[in-house]
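Residue 142 in this note's numbering sits at position 141 of the sequence shown, with consecutive numbering throughout. All residues carry an ideal CB built from backbone N, CA and C; glycine is no exception. Fair warning: this is a prediction, and the values are worked out from it, not measured in the lab.
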Amino acid sequence: MMGSNRRAHRSAVALAGAMITAVLAAGCGIRTTSVPVDAGAAPSQVPCSMSAEDVTTQALQGIPVQIYLVCSSQLVTVDRTVQVGDTKSDRVRIAQALLDELEQKPPADERQAGFSTAVPATLQISAARRGDRQGTLRLSEQPEDLPSEALAQIVCTYAESESLAPDGTVVLGGPGNYAPRGYLCTSETKARPKAAPTLGAGTGA
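What follows is the structure, given as structure tokens:
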């Protein structure tokens with residue numbers, strides 16, 4: 002008789018424990034993940050992501066383009082519109098218009114989402130010189146002297162334009178007498194812009 006009471010007591014304890022466990026699991030309501038959860042206020046938007054409304058308000062006039070900004074140590078595209086006048090085939094004007102966008106400090110909503118630029122505000126672009134490789138653009142600073150992130154932004158932004166990089170290679174020179182070099186915007190460049198952009202084949206003049 003006493004043995005039966007002990008078995009009944011153990012069964013009751015086990016059942017109670019299972020019920021408590023089930024209640025705690027149900028009370029949690031979410032599955033555990035490896036992603037840390039911020040207990041603070043919820044962010045206004047996802048990092049490195051712009052809302053459709055933000056993009057629409059920017060695209061009021063001009064030619065829609067995409068430029069590369071730095072976000073979370075990577076290159077991420079954002080939408081812009083540029084004015085290049087009536088001479089749409091003028092490569093220098095197109096290159097300067099894109100460079101101007103890269104030089105500008107991102108607006109408040111983009112900064113809040115984590116975007117920034119490393120391109121110096123004083124940088125200018127000019128046409129190729131006699132003897133330069135076809136498609137060359139000359140920067141007012143030597144490309145290799147720029148911060149790696151800035152050069153990566155320029156290369157990847159220019160690589161998106163058929164007018165500036167019809168074969169995918171961006172050919173850049175500087176104010177000195179050094180031969181221009183060809184640069185490629187690769188997946189590695191976008192993922193690790195702090196590393197030097199990849200040089201293309203035939204980088205000499």
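For R193, there is no enclosing alpha helix (DSSP H), as DSSP marks it with neither H nor E. Its Cα nearest to that of A180, the residue E145 stands out among A109, E145 and L103.
Under the DSSP assignment, Q75 falls in the beta strand (DSSP E) whose first and last residues are Q75 to V83.
Of the residues assessed, Q113 falls on the exposed side of the cut-off, its CB having fewer than 16 other CB atoms within 10 angstroms. Judged by DSSP in its simplified three-state form, L165 adopts coil rather than helix or strand. Look at the beta carbons and you see the stretch 128-140 not touching the stretch 102-116: under three pairs across the two are nearer than 8 Å.
Remark: C-beta atoms of I68 and T158 approach each other more closely than 8 Å.
The beta-carbon distance between S141 and L124, rounded to whole angstroms, is 6 Å. This is short enough to meet the 8 Å contact definition.
Where R130 is concerned, there is no enclosing beta strand (DSSP E), because DSSP gives it neither an H nor an E.
The residue from G177, P108, D91 and Q75 with its alpha-carbon nearest to that of L165 is D91. Counting along the chain, the unbroken beta strand (DSSP E) around T170 starts and ends at T170 to G174.
In the assembly as shown, Q154 is a buried residue. Its beta-carbon has 16 or more other beta-carbons within 10 Å. As DSSP reads the structure, T199 sits in a beta bridge with L185.
Counting the other Cβ atoms within 10 Å of the Cβ of I64 gives fewer than 16, which makes it exposed. V156 is positioned such that its CB atom lies no closer than 8 Å to that of P108. For V93, the enclosing alpha helix (DSSP H) has its first and last residue at R92 to E104.
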